[in-house]
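Visitor: Dropping the structure in here first, questions after.
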């Protein structure tokens, strides 16, 4: 019985050829079955035969290195001959091997390569298979390939034209970022990549009948140059037609249609379909989104689109726990009604509990014209906060409009009516500093974050700025205007990262002590000047007691690096304080060491900081949350 299976793969600059040959002698099957009975009755002795093949080391290449050497080895492989092959038989392989080497070199621009190929005997010692323990010398063959690459062909001119120049902007991502430039070494794969990118871009942009009128790589061996000439005809561009949305019963058709990012009769684009699917996903209403172009139903170059949506569960409950040294261990309970009605309104209830801070709140969110990035939030809540410097009890109702600007900044316009009862606890006569203040605070803020990783960024930044204020003639007991801003930067340097942080604020007001404590500035704590307690630093009165400040300035420089696994070590310097007037500005400093662990729920930080003031000591800080 004869059974032969062979497969050969040949890679070149022009194409990839795969040949598969099978041969099966059916006639021998009956003979094989007629012998089975005899084999079952008779003992069988199988004599070992030498089926050893040359190893990869049996091909030796000289005169070439790098990509050229890799490509030659990939083309010629290892000769499929047994150690017992004759010299004459092996020499018959050389013409085909020469062609393989030539194609491999030309694919990388080496058209002037010279080569020498020969088979030589190489001796190796192997153990006698009969088990006598003696060594037997076997003769195998080694292929030696010696090449001289010569000067490679370089790119001369590149001429890529479109039959309709009006579509140049559509193909600009390809035309402006070609993998080959005049003067570059010729690489056939890069040339093929240009054609492939043009075809892919045409398909993604809806040019389904695009074709090459000309695709020529002209090689001038006298000048040692290759000129590229491509004329591409995009053809007629397809467009979208009807958008069929299978609207769930939980939401109205009018509301769901507000999520559409393209309209019928707009130009076909794969990017538009991807953006549309992402917009539905970002809404948090749907557990499954399918946006499907029906190319088989295209009529007059118009492609219908179907949108299939599956709703997430309407109600959600969540429990969160955390810890930091500013407010101690904390518990968060949350409830969400994701679609309170068919217009997509949301209802949220939150309760935050810790030994030093309690904060129940309720909010009602109304999606606007762009339901993903544009919303109105009505909220109310209560907050009680205790520090070593003060106690505040604040009731608040308000509204804010959040939107995404064209510049990718998030804008938030707000107005809050607040009733605050506060008390300074670190002064000798606290009764003089108990107060109740009503205020209507309005303002606007902007924020933006960019990073290469949400958990452990090695490059990124975050900016936040806010303008707020109140006036006595607008339902307030006080008048003030306030500017506040923060900036964070993360950048990898060497084996670790630098983390830079800055925070600044200023307040326009007549008297510091007339301001509610909630709008005064206190510094110190986990995210401020480490080495000091939360709210320990600030402007002082005549008795050197901390009463908060109208202005604030805080900065930090930190460097961390991986120690092992998900564990990191950090060193940092903090500086800052709050003060009543700029003339009284006195910054406090601290230094420290820290440990970071990238846990499954996010980074956990443990810091030991030393305050550098006269009476400063050591303090432990524990925090959780992202770096930006």
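Residue numbers (the working numbering): 8 to 635. Think of the CB as a built atom: it goes at the ideal place given N, C-alpha and C, for glycine as much as any other residue. Just so you know, these numbers come straight off a predicted model, no measurement behind them.
Return the chain-ordered list of same chain residues with a C-beta closer than 6 Å to the C-beta of residue 279, the five sequence neighbours on each side being excluded.
Guide: The residues are 269.
Visitor: Please work out which residues of its chain come closer than 6 Å, Cβ to Cβ, to residue 566, disregarding the five sequence neighbours upstream and downstream, and give them in chain order.
Guide: Around residue 566: 503, 505 and 578.
Visitor: Quick one: Cα of residue 438 to Cα of residue 626, how far?
Guide: Note on residue 438: pLDDT 47, under 50, position unreliable in the model; the coordinate value appears next. If you take the alpha carbons of residue 438 and residue 626, they lie about 31 Å apart.
Visitor: Flag this pair as yes or no: are the beta carbons of residue 553 and residue 544 separated by less than 8 Å?
Guide: Going by C-beta atoms, residue 553 is nearer than 8 Å to residue 544.
Visitor: List the endpoints of the continuous alpha helix (DSSP H) containing residue 108.
Guide: That run of the alpha helix (DSSP H) goes 101-113.
Visitor: What does DSSP give as the partner residue(s) for residue 429 in the beta ladder?
Guide: DSSP lists 399 and 442 as partners of residue 429.
Visitor: What are the complete beta strand (DSSP E) segments, minimum 3 residues, inside the stretch 481-517?
Guide: The qualifying runs are 487-500 and 503-515.
Visitor: Check residue 74 in the structure and name its three-state DSSP category.
Guide: Three-state DSSP puts residue 74 in a helix.
Visitor: Below 8 Å, can you find three or more Cβ-Cβ pairs linking the stretch 307-319 to the stretch 239-253?
Guide: Yes, the stretch 307-319 is in contact with the stretch 239-253.
Visitor: What are the boundary residues of the beta strand (DSSP E) that includes residue 600?
Guide: Here the beta strand (DSSP E) through residue 600 covers 595-606.
Visitor: Identify every residue that forms a DSSP beta bridge with residue 304.
Guide: Residue 304 is not bridged to any residue.
Visitor: Whole-angstrom Cβ separation of residue 638 and residue 616, contact assumed at under 8 Å?
Guide: Outside the displayed span of the chain (8 to 635) sits residue 638, for which this structure offers no information.
Visitor: Find the nearest neighbour of residue 382 within the set 417, 258, 478 and 316, judged by alpha-carbon distance.
Guide: That would be 417, whose Cα lies nearest to the Cα of residue 382.
Visitor: Kindly give me the distance between the Cβ atoms of residue 101 and residue 124, rounded to whole angstroms, as I take these residues to be in contact under 8 Å.
Guide: Indeed, because the Cβ distance is near 5 Å, the residues count as touching under 8 Å.
Visitor: Which residue wins for smallest C-alpha separation from residue 608, given the options 593, 445, 251 and 461?
Guide: The candidate whose alpha carbon is nearest that of residue 608 is 461.
Visitor: Quick check on this structure: which residue in 240, 533, 510 and 373 has the alpha carbon closest to the alpha carbon of residue 221?
Guide: Ranking 240, 533, 510 and 373 by Cα distance to residue 221 puts 240 first.
Visitor: So, at 8 Å on beta carbons, what are the nonlocal neighbours of residue 257 in its own chain, with the 5 sequence-adjacent residues on each side left out?
Guide: Contacts found: 318, 321, 346 and 349.
Visitor: What is the DSSP secondary structure of residue 275, reduced to helix, strand or coil?
Guide: Of the three classes helix, strand and coil, the one that applies to residue 275 here is coil, per DSSP.
Visitor: Could you have a look at residue 281 and say whether DSSP puts it in helix, strand or coil?
Guide: Residue 281: helix per DSSP, three-state reduction.
Visitor: Using the beta-carbon count (16 or more within 10 Å), is residue 588 buried or exposed?
Guide: Exposed, since its Cβ has fewer than 16 Cβ neighbours within 10 Å.
Visitor: Just grab the DSSP bridge partners of residue 610 for me.
Guide: In the DSSP output, where bridge partners are listed per residue, residue 610 has 605.
Visitor: Rounded C-beta distance between residue 450 and residue 410? I'm assuming under 8 Å.
Guide: That belief does not hold up - the Cβ atoms of residue 450 and residue 410 are roughly 15 Å apart, past 8 Å.
Visitor: How would you label residue 413, buried or exposed, when you count the other beta carbons within 10 angstroms and need 16 or more for buried?
Guide: Exposed: under 16 other Cβ atoms inside 10 Å.
Visitor: Check the C-beta distance from residue 542 over to residue 556 and give it rounded, since I have them as a contact under 8 Å.
Guide: Between residue 556 and residue 542 the Cβ distance is about 11 Å, and since that is not below 8 Å, they are no contact.
Visitor: For residue 611, which residues from the same chain have a beta carbon less than 6 Å from its beta carbon, with the 5 sequence-adjacent residues on both sides left out?
Guide: Within the same chain, residue 611 has close Cβ partners 604 and 631.
Visitor: Indicate the three-state DSSP secondary structure (helix, strand or coil) for residue 621 in the structure shown.
Guide: Of the three classes helix, strand and coil, the one that applies to residue 621 here is coil, per DSSP.
Visitor: Closest by CA to residue 312, which one among 479, 335, 283 and 289?
Guide: Residue 312 has its Cα closest to that of 283, out of 479, 335, 283 and 289.
Visitor: Go ahead and pull the three-state DSSP assignment for residue 119.
Guide: Residue state, collapsed to three classes: coil.
Visitor: Following the continuous beta strand (DSSP E) through residue 636, name the residue where it begins and the one where it ends.
Guide: Residue coverage of the chain in this structure runs from 8 to 635, which leaves residue 636 outside it and unanswerable.
Visitor: Which of helix, strand or coil does DSSP assign to residue 47?
Guide: In this prediction, residue 47 has a pLDDT of 34, which is less than 50 and means its spatial position is unreliable; what the coordinates show is noted afterwards. Helix.
Visitor: With contact counted as at least three CB pairs below 8 Å, one residue from each stretch, are the stretch 288-296 and the stretch 224-237 in contact?
Guide: Contact between the stretch 288-296 and the stretch 224-237 is absent, because fewer than three Cβ pairs lie under 8 Å.
Visitor: Going by DSSP, what residue range makes up the beta strand (DSSP E) through residue 180?
Guide: No beta strand (DSSP E) holds residue 180; the alpha helix (DSSP H) holding it covers 179-182.
Visitor: Between the beta-carbon of residue 386 and the beta-carbon of residue 446, is there less than 8 Å?
Guide: No, the Cβ-Cβ distance between residue 386 and residue 446 is not below 8 Å.
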